[in-house]
Amino acid sequence: MTNWKVILHIARTHLVTKMKSTVTAALGVTFGIGAYITLVSFMTGLNKMLDDLILNQTPHIHLYNEIEPSAQQPVALYQEFDEAINIVHSVKPKKSQRKIHNALPILNYLREKENVKGASPQLRAQIFYLSGSIEIGGNLIGIEVLEEIRLSSFKDYIVKGSAEALLNTENGILLGSGLAEKMSLSVGDRVQISTVKGDVFPLKIVGLYQSGIADIDNIQSYTNLKTVQRIQGEAENYITDINIKLFDLAEAVPMARQLQKQFKVKATDIIAANAQFETGSNIRNLITYAVSVTLLIVAGFGIYNILNMLIYEKMKDIAILKATGFSGKDVQLIFMSQAMIIGLVGGVMGLLIGFVLSRVIDRIPFETEALPTISTFPVNYKLGYYIIGIVFALISTFIAGYLPANKAKKIDPVKIIRGT
Amino acid sequence: MEKVLEAQNINKIFRKPVDFHVLQDISFSIQKGEFVSIMGKSGSGKSTLLYILSTLDTDYEGRLWLNGDLLTGKEQKQLSRVRNEHIGFVFQFHYLLSEFTVLENVMLPAQKLGAKTRLEIEKQAYKSLGMLGIEHLGKKRASRISGGEKQRVAIARALINKPDILMGDEPTGNLDSFNSENVFQIFKQLKEEEGLSLLIVTHDGDFARRTDRIITMEDGMIIRGNG
Numbered sequence: 000m001t002n003w004k005v006i007l008h009i010a011r012t013h014l015v016t017k018m019k020s021t022v023t024a025a026l027g028v029t030f031g032i033g034a035y036i037t038l039v040s041f042m043t044g045l046n047k048m049l050d051d052l053i054l055n056q057t058p059h060i061h062l063y064n065e066i067e068p069s070a071q072q073p074v075a076l077y078q079e080f081d082e083a084i085n086i087v088h089s090v091k092p093k094k095s096q097r098k099i100h101n102a103l104p105i106l107n108y109l110r111e112k113e114n115v116k117g118a119s120p121q122l123r124a125q126i127f128y129l130s131g132s133i134e135i136g137g138n139l140i141g142i143e144v145l146e147e148i149r150l151s152s153f154k155d156y157i158v159k160g161s162a163e164a165l166l167n168t169e170n171g172i173l174l175g176s177g178l179a180e181k182m183s184l185s186v187g188d189r190v191q192i193s194t195v196k197g198d199v200f201p202l203k204i205v206g207l208y209q210s211g212i213a214d215i216d217n218i219q220s221y222t223n224l225k226t227v228q229r230i231q232g233e234a235e236n237y238i239t240d241i242n243i244k245l246f247d248l249a250e251a252v253p254m255a256r257q258l259q260k261q262f263k264v265k266a267t268d269i270i271a272a273n274a275q276f277e278t279g280s281n282i283r284n285l286i287t288y289a290v291s292v293t294l295l296i297v298a299g300f301g302i303y304n305i306l307n308m309l310i311y312e313k314m315k316d317i318a319i320l321k322a323t324g325f326s327g328k329d330v331q332l333i334f335m336s337q338a339m340i341i342g343l344v345g346g347v348m349g350l351l352i353g354f355v356l357s358r359v360i361d362r363i364p365f366e367t368e369a370l371p372t373i374s375t376f377p378v379n380y381k382l383g384y385y386i387i388g389i390v391f392a393l394i395s396t397f398i399a400g401y402l403p404a405n406k407a408k409k410i411d412p413v414k415i416i417r418g419t
Numbered sequence: 000m001e002k003v004l005e006a007q008n009i010n011k012i013f014r015k016p017v018d019f020h021v022l023q024d025i026s027f028s029i030q031k032g033e034f035v036s037i038m039g040k041s042g043s044g045k046s047t048l049l050y051i052l053s054t055l056d057t058d059y060e061g062r063l064w065l066n067g068d069l070l071t072g073k074e075q076k077q078l079s080r081v082r083n084e085h086i087g088f089v090f091q092f093h094y095l096l097s098e099f100t101v102l103e104n105v106m107l108p109a110q111k112l113g114a115k116t117r118l119e120i121e122k123q124a125y126k127s128l129g130m131l132g133i134e135h136l137g138k139k140r141a142s143r144i145s146g147g148e149k150q151r152v153a154i155a156r157a158l159i160n161k162p163d164i165l166m167g168d169e170p171t172g173n174l175d176s177f178n179s180e181n182v183f184q185i186f187k188q189l190k191e192e193e194g195l196s197l198l199i200v201t202h203d204g205d206f207a208r209r210t211d212r213i214i215t216m217e218d219g220m221i222i223r224g225n226g
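In structure tokens form, the structure reads like this:
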């Protein structure tokens, strides 16, 4: 039979009459939670941006023909040497075509699968960019523009011109920004490219592409799939890469394995390709939580201290409450609710301060060559972190309040009233 | 006559610092409406006895009844309820909650009991304060009133749940003679008008002489007044 109204009334009166201590204790929680929210929002924002930088440009599954030596060398097939030790020097990769065999049927098969968001064909060609007498080696990637825009954040990385212009211009090219700078070219100019075989083609620059990774921007350009096929003198089914986006990233690993077996092509999944990013993110998260927990522990000690002092001051009151019919549990609840009120008020204030600071960070300009899509510091406003924050605050104040409150519960009123 | 409080063979031993038999085989009872005082020298065990009778102290041997209800062996939680509902307590050092107003102090035990609405409790608290002549202090902080007033507030608080018995541990010990007389008159009035039973530990011979019965204690035993 707990009369919450009375207990909360007493708790509130204690807190209000001890305003200074209350505010000090609550501020401890506020700073802890505020720092946590700010840190975690900023850190995860950064993490997400860095991950996106790579991951958005990485398909969930990438199909291509790997150039590699045959797993089983011809000598192994020769039965007479079964018992012998075979030493073959300078093993060469197997000669095979670069194109994916039966690429169009594979594409159709993938596009009909339910868990596949989309599959886009690509043709990667080694070419030279010609600038006067200078040849710059590089890649030209033929893409299906609309599919690419739908499936990746391709469009975000076009810093000048537009992807639609590529669609409308047959001999258009989206030139890598590094290349454009090297060759002093801009949108509207023409660039000559030469294939490995030596054929020269002029292409019209309809846009500049900047991925943010210099090594890519210095060599790589995009154009229509058909343009590359024509430059290479290949048929319409000549496709070297297929990029697959799934609805659920988790299916990438088993599906890659299955596709590799089914179509006898190399299939890499995003998780194998980007294992190191996960590690980086995890360590940054760990640091964030370590700092926040430390702050909250400090705040917890503050609350513990203040409640302990309060209980020493209120010994007589506790004795009176017990003598007039409040049970030990009631007294415990009075002090626990004080701790929880401090935790709740401090925690909510902390969330607010964290949110405001996040907004401030969100406004700070952060412009860098490497990240064309970013103009201010990235901040992640995930509701989950705010929930974790308030739960953190309540748990830490609960623990900090429990010990003193338990002591108050056990105070023997007779001892206090006797004055011993 | 009906017995309000009955104690049978109460023994208590202090273990620290050395074993000390502070109460020896105490048996007595109080009738309904009786005004009893306990006298005795310091260390005679009268306060200790009072704490046992008021259920605050449960570390004793023997048995204790309130209104025919055996209190010995009950859980702390039930005893809190008994104190809240059936026993009023007045201490030597008034012991009000200093951060609360006089009115809140008086109301708290009733709010804890939770048998009435806030409004009813407030009305009753004012009535009690009015009877003790301190109605005007209701909104004042408990730390801002005089000693005599504090003791009257404490009495009002003890009465708020209409207890069966009012216990006092030297309630006049810290008051001047004027206020002592005042408190005595209040007790007497309560006995006569409300039929309240009172058990008061006191040093004050004048006070004790005017009660219905004096129990005198010495060395942990009742030597007189057990009738």
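Just so you know, the protein sequences line up as chains A and B, in that order.
Using numbering that gives the first Met the number 0, you'd call the opening residue of the first sequence number 0 and step up by one each time.
Using numbering that gives the first Met the number 0, you'd call the opening residue of the second sequence number 0 and step up by one each time.
Idealized CB from N, CA, C, for every residue including glycine.
Query                                                                                                                   : Result
Start-end ranges of the beta strand (DSSP E) lying completely within the segment 288-345 of chain A, minimum 3 residues : none
Whole runs of the beta strand (DSSP E) within the segment 11-63 of chain A, excluding any shorter than 3 residues       : 60-63
Any C-beta of chain A under 7 Å from that of ARG223/B                                                                   : no
Which of helix, strand or coil DSSP assigns to LEU396/A                                                                 : Rather than Leu, the amino acid found at residue 396/A in this sequence is Thr. In this structure, THR396/A counts as helix in the three-state DSSP scheme.
Burial state of ILE394/A, where buried means 16 or more other Cβ atoms lie within 10 Å                                  : exposed
Against chain B: residues of the segment 301-320 of chain A by CB proximity under 7 Å                                   : LYS315, ASP316 and ILE319
Residue nearest to LYS17/A in terms of C-alpha spacing, selected from SER97/B, TYR50/B and ASP18/B                      : SER97/B
Straight-line Cα distance separating ILE302/A from ASP214/A                                                             : 54 Å
Closer than 7 Å to chain B by CB, THR21/A                                                                               : no
Per-residue DSSP class, three states only, for ILE8/A                                                                   : As written in the sequence, residue 8/A is His, which differs from the Ile given in the question. HIS8/A falls in the helix class under three-state DSSP.
heavy atom of the ligand ZN below 6 Å from GLY147/B C-beta                                                              : In the structure shown, the ligand ZN is absent, as is every other ligand, since no ligand is present at all.
Rounded Cβ spacing between GLY117/A and GLU146/A (contact assumed at less than 8 Å)                                     : 6 Å
Test item: CB-CB of GLY388/A and ILE36/A under 7 Å                                                                      : yes
Beta carbon proximity, THR330/A to chain B, threshold 7 Å                                                               : The question names Thr, but residue 330/A in the sequence shown is Val. No, no contact with chain B.
Sequence-distant residues of the same chain with beta carbon closer than 6 Å to LYS40/B, five excluded per side         : none
Three-way DSSP call (helix, strand, coil) for LYS203/A in this model                                                    : strand
Cβ of SER326/A within 7 Å of any chain B Cβ                                                                             : yes
Neighbour flag for ARG151/B against chain A, beta carbons, 7 Å                                                          : no
Below-7 Å beta-carbon distance, LYS76/B vs any chain A residue                                                          : yes
Strand pairing of TYR221/A, partner residues [DSSP]                                                                     : ILE140/A and LEU173/A
Member of LYS414/A, ALA249/A and THR194/A whose CA lies at the smallest distance from the CA of GLY136/A                : THR194/A
Entirely enclosed beta strand (DSSP E) segments - the segment 49-85 of chain B, minimum 3 residues                      : 60-65
Test: LYS15/B CB closer than 7 Å to a CB of chain A                                                                     : no
Outcome for ALA318/A when other beta-carbon atoms lying within 10 angstroms are tallied against a minimum of 16         : buried
GLY383/A beta carbon less than 7 Å from that of GLY33/A                                                                 : no
For TYR208/A: DSSP bridge partner residues                                                                              : ILE157/A and GLY175/A
Per DSSP, cross-strand counterpart(s) of ILE126/A                                                                       : GLY137/A and THR194/A
Assigned exposure category for LYS362/A - 16 Cβ within 10 Å defines buried                                              : The residue you asked about is not Lys; residue 362/A is Arg in the sequence shown. Result: exposed.
Same chain only: Cβ atoms within 6 Å of VAL21/B, ignoring 5 sequence neighbours per side                                : LYS11, PHE13, GLY44, THR47 and GLY219
Straight-line Cα distance separating VAL115/A from LYS93/A                                                              : 32 Å
Beta carbon proximity, ALA322/A to chain B, threshold 7 Å                                                               : yes
Within chain A, partners of PHE90/B - CB distance below 7 Å                                                             : ILE416
8 Å CB neighbourhood of HIS228/B in its chain, flanking five on each side removed                                       : Summary: the structure shown does not reach residue 228/B, with chain B confined to residues 0 through 226, and so no result is reported for it.
One or two residues paired with GLY167/B in a DSSP bridge                                                               : VAL89/B and ILE199/B
Length at least 4, wholly inside the segment 94-151 of chain B: the alpha helix (DSSP H) runs in chain order            : 101-112 and 117-130
Spatial neighbours of TYR125/B in its chain, beta-carbon cut-off 8 Å, leaving aside the 5 residues before and after     : LEU102, GLU134 and GLY137
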